[in-house]
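Beneath this line is the structure, given in structure tokens, with notes to follow.
Residue numbers (this note's numbering): 63 to 132.
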């Protein structure tokens, strides 16, 4: 699967569950697919387009959870 629209997030437990819910909500609103993969340093959230990835990055920032391109 392509990884050009992915972010790596370092979160666990309830914070990771919260991010999965936010990713699903954002992707559904944009009518695009999304998925997660394990990464060496966290969880990789991937989206079918860059706009959705950018919205998810803003959501992470708003929640105080750091993310990086991945």
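No residue lacks a Cβ here, since even glycine has one placed at the ideal position from N, Cα and C.
Item, Value
"What number of angstroms, rounded off, separates the C-alpha of residue 128 from the C-alpha of residue 95?", "22 Å"
"Hey, residue 124 and residue 72: beta-carbon distance below 8 Å or not?", "no"
"Within this structure, are the beta carbons of residue 106 and residue 132 separated by less than 8 Å?", "yes"
"Under a three-way DSSP split, which group does residue 117 fall into?", "helix"
"According to DSSP, what are the bridge partners of residue 69?", "107, 131"
"Which whole-angstrom value describes the C-beta separation of residue 109 and residue 89, a residue pair presumed to lie in contact below a C-beta threshold of 8 Å?", "6 Å"
"Nearest to residue 120 by alpha carbon, out of 100, 102, 101, 81?", "81"
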